[in-house]
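For reference, the structure discussed in these notes is given below.
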Amino acid sequence: GCDGALVAGGTVSATKITLQSETLFDFDKSVIKPEGQTVLNNLATGIKGMKVEVISAVGNTDSIGTDAYNMALGQRRAQAVKAHLVNKGIESNRIYTESKGKSNPIASNATAEGRAKNRRVDLEVIGTK
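Residue numbers (the numbering used here): 80 to 208.
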């Protein structure tokens with residue numbers, strides 16, 4: 080219809096959020112901790128006013144374990160985030176999950192603190208306000 084002009088005026092914004100493991104997951108786990116659930120609930124509420132194009136959830140792990148194991152763990156983490164957001168009313172076909180396993184560290188895997196930072200899900204929300 081004629082509503083296309085309204086969309087054209089909207090600004091496309093991308094919001095990147097990194098959900099750290101301390102908040103999100105225990106070591107070797109993909110169950111979202113209560114603090115992580117709060118962060119995701121706030122995110123879901125925050126994007127209610129947006130027309131969401133896509134949300135990408137990328138699971139990451141620390142360096143302990145094999146590549147194959149960590150790819151699977153990263154995927155489970157991303158899927159857990161997706162399931163939580165879908166539960167909060169976000170359309171599942173808008174949420175894309177992938178895993179980088181241990182291939183994309185943001186901190187040194189030589190320390191416990193660094194490994195904790197690497198256990199994370201990177202979320203990117205792209206949509207129009």
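Virtual Cβ for every residue (Gly too), placed ideally from N, Cα, C.
These numbers were taken from a predicted model, which means no experiment stands behind them.
Of the residues the options, the one placed nearest residue i, counting alpha carbons only
{"i": "Ser187", "options": "Asn149, Leu202, Ile143, Lys167", "result": "Ile143"}
{"i": "Lys196", "options": "Ile205, Leu202, Pro184", "result": "Pro184"}
{"i": "Ile169", "options": "Lys127, Arg156, Phe106, Gln158", "result": "Lys127"}
{"i": "Met150", "options": "Asp105, Lys181, Thr190, Ser109", "result": "Lys181"}
Enclosing alpha helix (DSSP H) for residue i [first to last residue]
{"i": "Val118", "result": "113-125"}
{"i": "Glu192", "result": "191-197"}
{"i": "Asn166", "result": "146-166"}
7 Å CB neighbourhood of residue i in its chain, flanking five on each side removed
{"i": "Gly193", "result": "Ala186, Ser187"}
{"i": "Leu103", "result": "Ile111, Lys112, Gly115, Arg199, Val200"}
{"i": "His163", "result": "Ile111, Gln116, Leu119"}
Limits of the unbroken beta strand (DSSP E) element including residue i
{"i": "Lys208", "result": "It is not in any beta strand (DSSP E) - Lys208 carries neither H nor E in the DSSP assignment."}
{"i": "Val131", "result": "130-139"}
{"i": "Gly180", "result": "174-180"}
Sequence-distant residues of its chain with Cβ nearer than 8 Å to residue i (five each side left out)
{"i": "Arg173", "result": "Val131, Glu132, Val133, Ile134"}
{"i": "Gln154", "result": "Gly138, Thr176, Glu177, Ser178"}
Same chain, Cβ closer than 6 Å to residue i, five either side skipped, listed in chain order
{"i": "Lys167", "result": "Ala123"}
{"i": "Ala136", "result": "Ala157, Val160, Lys161, Thr176, Val200, Leu202"}
{"i": "Ala84", "result": "Residue placement at Ala84 is flagged as unreliable, the pLDDT there being 40, under the threshold of 50; a coordinate-derived value is accordingly withheld."}
With contact counted as at least three CB pairs below 8 Å, one residue from each stretch, are the segment 172-179 and the segment 114-121 in contact? Counting Cβ pairs under 8 Å, fewer than three are found: no touch.
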